[in-house]
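Reading through the structure tokens given below for one structure.
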Amino acid sequence: MNDRPRPQSPPLLRSKFFWVALLYFSEGFPLGLFFDLFPVYFRQRGVDLASIGLLSLLGLAWTVKFLWAPAVDYYRHHRYWMVAVDCLMGVMLIVLAQTAGFGPWVWLVIGIFTILSATNDIAIDGYTIELLDKNEMGLANGVRIGFYRVGMLSAGFILILSDHIGWFWSYCVAAVLFLFCAAACWCAPRERLAARAAYETSAFAELKFLLARPGVALAIMLFVLGLLWPVTASLPGHWLADAQRAWWFRAGIPVTAFLLAGLLIAAQVRGAASTRGGALAQGPIFGALVELLARPGMLPILVFILIFKLGDSSMGFMIKPFWVDAGFSNQQIGLVSVNVGLLLSILGGLVGGWYTDRVGIFRALWMLGLWQAFSNLGYAWAAWTVPLAPQGADIAVHHQWAMYAASATESFTGGLGTAAFLAFLMAIVNKERSTTEYAILSSLFAFSRSLSGGASGFGVEAMGYGGYFLLTFFLAFPAYFLLPWVSRMLGQTDYASVKATDGR
5 MNDRPRPQSP PLLRSKFFWV ALLYFSEGFP LGLFFDLFPV YFRQRGVDLA SIGLLSLLGL
65 AWTVKFLWAP AVDYYRHHRY WMVAVDCLMG VMLIVLAQTA GFGPWVWLVI GIFTILSATN
125 DIAIDGYTIE LLDKNEMGLA NGVRIGFYRV GMLSAGFILI LSDHIGWFWS YCVAAVLFLF
185 CAAACWCAPR ERLAARAAYE TSAFAELKFL LARPGVALAI MLFVLGLLWP VTASLPGHWL
245 ADAQRAWWFR AGIPVTAFLL AGLLIAAQVR GAASTRGGAL AQGPIFGALV ELLARPGMLP
305 ILVFILIFKL GDSSMGFMIK PFWVDAGFSN QQIGLVSVNV GLLLSILGGL VGGWYTDRVG
365 IFRALWMLGL WQAFSNLGYA WAAWTVPLAP QGADIAVHHQ WAMYAASATE SFTGGLGTAA
425 FLAFLMAIVN KERSTTEYAI LSSLFAFSRS LSGGASGFGV EAMGYGGYFL LTFFLAFPAY
485 FLLPWVSRML GQTDYASVKA TDGR
């Protein structure tokens, strides 16, 4: 009988932070392809800026992922989900590499790609919540943000390769990288399978309750409509008049829907008998959404989540087209993103996580949010300084440094603000259903990114790069008017956490 102890894994492989880094790299990489690689690829093929901006609306998959998050959470085994969707995303890239033009097939393939990526997000977030202990969340959040942005910026490697081996083989390399991500997910430590949530209300009883209270059903429909509304701008045909396609109309409809949904649910659930209202909040389909919207003071919080990073997301989808129109080559764009952006993104995430733990979430939100906003001025200054030129033209050294400085500032500060923001989202979710509620809140953030990205092309065409980037700086400040409600919500969650601990 062999009593020799089994060899232990190397210390690095036993570190939870190592696996958090790998997993969030694999989560950020497809987002980098979507927001950084695809705009350059299509711009070089002569696609107009308005169409490129509308392409960002396919990112609504990240917005509505909460609709299927309960299914992923129910079947558990998050590692299997991660492996499957990574492999399928690689297949989608191979298909895209062989698809010419900008027709319906391109929209279909990229749409499937974003749905797979959103499912990957759900699985990784659920796995990480179960992997980490509460006292590990702070540093893990910094590692997560840093390597998430590393994954996003690694799309720069594909840009560099495209100058040397062409777009087809570059997409093939990206597909192989997805296979490596799948292998890493397979090798990750087995998750501690927590018991499935024992819902007090069945799905049938939940639907029956909604039929009996049409106000709540209408509120849920309005909420989902608000999330899906931006995609109507990309539908074929001209079923909306030109006046209706104005940015204020496309933005006003979903925001109004969100507000009405919150008001209706708050009124209907609180007005119901306590047993019936509580039963709806315990339902397996819409229970998490109802419980969130019925909380006191939640409406201002939802608006805050929508607009806190509005300035950053409004600029993001036009940065790479700006580099192309300024005459920079694929290799130059990729080298700046990789050599400068990688290090500064990791540093920004770690510094943001450390600062948030040190001073608290509330103070970190407004302090780091200011740094995040001022980075937009860097690109506004670069847009006024650097003249537009055909790609491959000679660019003056001081113009190159203006672009490099703007990129470095944006990479570092992007991690700072996100660290505090994600910590805020994690702090206000109900720990008993954290995966689904976190998916709902992060979907709202993704909605803001998709909506602002969809309007960004029109903004640049109307105002020019410099004027539009300056506008995005001012878009960062309306969220500050909602900070008093943020402070109260954080106080409520701290009090609830203490009560839960005392009640054990």
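Adding 4 to a residue's 1-based position in the sequence shown gives its number in this note's numbering. Heads up, the beta-carbon is just placed ideally off N, CA and C, and yes, glycines get one too.
query: So is Y175 buried or exposed if we call it buried at 16+ other beta carbons inside 10 Å?
result: As a working mapping, residue 175 is identified with position 171 in the sequence shown. Answer is buried; the Cβ neighbour count reaches 16.
- request: Compare the C-alpha of Y469 against each of K324, A159, P488, I444 and name the closest.
  value: Translated into the one-based positions of the sequence shown, residue 469 becomes position 465. Residue K324 is the option with its Cα nearest to Y469.
message: Are the CB atoms of L429 and V355 within a distance shorter than 8 Å?
response: Here residue 355 corresponds to residue number 351 of the sequence shown, with the count starting at 1. Here residue 429 corresponds to residue number 425 of the sequence shown, with the count starting at 1. For V355 and L429, no; Cβs fall outside 8 Å.
field: Identity of the residue in S452, G170, A88, L296 nearest I309 by Cα
entry: For the purposes of this step, residue 309 is identified with residue 305 of the sequence shown, where counting begins at 1. It is S452 whose Cα lies nearest to the Cα of I309.
task: Could you tell me the distance, in whole angstroms, from the CA atom of A483 to the CA atom of I311?
output: Locating residue 483 in the sequence shown gives position 479, where the first residue counts as 1. Locating residue 311 in the sequence shown gives position 307, where the first residue counts as 1. Cα to Cα, A483 sits roughly 6 Å from I311.
- prompt: How many Å lie between V433 and G130 at the Cα?
  reply: As a working note, residue 433 is residue 429 in the sequence shown. As a working note, residue 130 is residue 126 in the sequence shown. Rounded to whole angstroms, V433 and G130 show a C-alpha spacing of 13 Å.
- prompt: Should the segment 331 to 345 be called in touch with the segment 55 to 66, which here means at least 3 C-beta pairs below 8 Å?
  reply: no
With 16 other Cβ atoms within 10 Å as the buried cut-off, status of H82: Mapped onto the sequence shown, residue 82 falls at position 78. With 16 or more Cβ atoms within 10 Å of its Cβ, H82 is classed as buried.
- prompt: Thinking C-beta only, is R47 closer than 8 Å to G418?
  reply: Taking the sequence shown and counting its residues from 1, one reaches residue 418 at position 414. Taking the sequence shown and counting its residues from 1, one reaches residue 47 at position 43. Taking C-beta atoms as the reference points, G418 and R47 fail to come closer than 8 Å.
- request: Please say whether G315 and L53 have beta carbons closer to each other than 8 Å?
  value: As a position in the sequence shown, residue 53 is number 49, starting the count at 1. As a position in the sequence shown, residue 315 is number 311, starting the count at 1. No, Cβ-Cβ distance for L53 and G315 is not below 8 Å.
task: For the alpha helix (DSSP H) holding A188, just list the boundary residues, first then last.
output: Mapped onto the sequence shown, residue 188 falls at position 184. Here the alpha helix (DSSP H) through A188 covers 159 to 191.
task: Using the Cα positions of M493 and C91, report the straight-line distance between them to the nearest angstrom.
output: To locate residue 493, count along the sequence shown from 1; it is residue 489. To locate residue 91, count along the sequence shown from 1; it is residue 87. Straight-line Cα distance between these residues: approximately 40 Å.
message: On the criterion of 16 or more Cβ atoms from any shown chain inside 10 Å, does M467 qualify as buried, or is it exposed?
response: Sequence index remark: in the sequence shown, residue 467 carries index 463 (1-based). By the neighbour-count rule (16 or more Cβ atoms within 10 Å), M467 is not buried but exposed.
query: CB-CB under 7 Å to I119, same chain, minus the five flanking residues each way: which ones, in chain order?
result: By 1-based counting over the sequence shown, the position of residue 119 is 115. If you ignore the 5 residues before and after I119, its C-beta comes within less than 7 Å of the C-beta of A65, all in its own chain and listed in chain order.
query: Who are the Cβ neighbours of W23 in its own chain at under 6 Å, not counting the five residues just before and after it?
result: In the sequence shown, the residue the question calls residue 23 occupies position 19. A192, listed in sequence order.
message: Given this structure, state the Cα-to-Cα distance separating G457 from L181, to the nearest angstrom.
response: For this step, residue 457 is matched to residue 453 along the sequence shown. For this step, residue 181 is matched to residue 177 along the sequence shown. If you take the alpha carbons of G457 and L181, they lie about 27 Å apart.
query: For S55, is the classification buried or exposed, using 16 other Cβ atoms within 10 angstroms of its Cβ as the cut-off for buried?
result: Residue 55 sits at position 51 when you count from the first residue of the sequence shown. Result: exposed.
query: Per DSSP, what kind of secondary structure is Q102 in: helix, strand or coil?
result: Taking the sequence shown and counting its residues from 1, one reaches residue 102 at position 98. Coil, per DSSP.
task: May I have a chain-ordered list of the alpha helix (DSSP H) segments no shorter than 4 residues that lie completely inside the segment 390 to 474?
output: 401 to 432
task: Would you kindly report the start and end of the unbroken alpha helix (DSSP H) that includes R49?
output: Taking the sequence shown and counting its residues from 1, the one referred to as residue 49 is at position 45. Premise fails: R49 is in no alpha helix (DSSP H) and is neither H nor E.
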